[in-house]
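There are 2 protein chains.
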Amino acid sequence: MSVPHTAVPAPAAVPTVLAADLALPVTGADRAACPTTDVLRRVGDKWSVLVLVLLGRAPRRFSELQRAVEDISQRMLTRTLRALEHDGLVSRTVFPTVPATVEYALTELGQSLLVPLSALADWSAVHGPAIQAARRAQG
Amino acid sequence: MSVPHTAVPAPAAVPTVLAADLALPVTGADRAACPTTDVLRRVGDKWSVLVLVLLGRAPRRFSELQRAVEDISQRMLTRTLRALEHDGLVSRTVFPTVPATVEYALTELGQSLLVPLSALADWSAVHGPAIQAARRAQG
DNA sequence: CTGTATCCAGTCGGATACTG
DNA sequence: CAGTATCCGACTGGATACAG
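Residue numbers (my numbering), protein chains in the order written: chain A, -6 to 132; chain B, -6 to 132.
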């Protein structure tokens, strides 16, 4: 699916912005229910992506996650997991041992989310330095 | 941007394992400087993506943006634009008319960010209903 | 037209202590 | 082990008024 992009003297009115395809409801009423904004705000918090990535590698127990992340508080790990579970991105399985053990894993939905997140991570790895530079260039 | 845009590579049968490639620094010290988390938190606020998308369609003046978004406060539009400008995603051009006119536009960096954001928007459009369903299934 | 300054409610996230 | 309960500072985002 490669666009030939031969010598079209593009009027440049529309720059080569593939992103123009990005259909986001901009009008007030719809915007509240915009799934993109919704997902971004869920994933834009401090720990969600980190947890998703860890669970993407392998299912883990609560304490394993806490050790892996190192500086997350118990409270925030619980809250983050509950939120992800609530949105169907993470599954929670309790084994009735004593004391209880709980295993968290990505659902298929959660797995699939890692794909576009991975694209964003790639972009960040490439352009992160440019952002840093822009910040230093100002204040 | 003179880059011949080769569109988003058609995701040919993405395996559910691809996400394991996502290399995010999980260990405590690095994580503070993780560019992915950094970008996500920037973009995970209430208005940034909306503004980026609008500017991706065409450069706009302050008042145009405010009319386009409709329910953003003057304060938040200013803050959002300043933040995006600070990170080199948006450019700000002041025309010394009376009264002043200011035009905002995406930088190349901002343009390029719309690509992975578009991927995330696509995912959200497809799987948004599944998230909604998961929420209703619980409370 | 393009902002800035204040105030204010709500949320985020950390610290600490306690429980089945 | 896997949480819950409480408190608290910091930040987010809206409303309103004012200014160059």
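We treat Cβ as the ideally placed atom computed from N, Cα and C, and that holds for glycine.
Asked, Found
"Reduced DSSP secondary structure (H/G/I, E/B, other) of residue 95/B", "strand"
"Residue 59/B at chain A interface by Cβ criterion, 8 Å", "no"
"Cross-chain neighbours of residue 32/B in chain A, by beta carbon under 9 Å", "113, 114, 116, 117, 120, 121 and 124"
"As assigned by DSSP and simplified to three states, the class of residue 86/B", "strand"
"CB contact check: residue 127/B to chain A, cutoff 8 Å", "yes"
"Of the listed residues 32/B, 91/B, 80/B and 74/B, nearest to residue 52/B (C-alpha basis)", "74/B"
"Beta carbon of residue 48/B nearer than 8 Å to that of residue 113/B", "no"
"Alpha-carbon spacing of residue 95/A relative to residue 131/A, whole angstroms", "48 Å"
"Min CB distance residue 106/A to chain B below 8 Å", "yes"
"Within-8 Å CB hit, residue 52/A to chain B", "no"
"Within chain B, the residues that residue 102/A reaches when beta carbons sit closer than 8 Å", "120, 123, 124 and 127"
"Whole-number beta carbon distance between residue 110/A and residue 77/A, since they are thought to touch under 8 Å", "Actually they do not touch by this definition, with Cβ atoms about 13 Å apart."
"Between the CA atoms of residue 59/A and residue 65/A - distance to the nearest angstrom", "7 Å"
"Inter-residue Cα distance where the pair is residue 128/B and residue 88/B", "48 Å"
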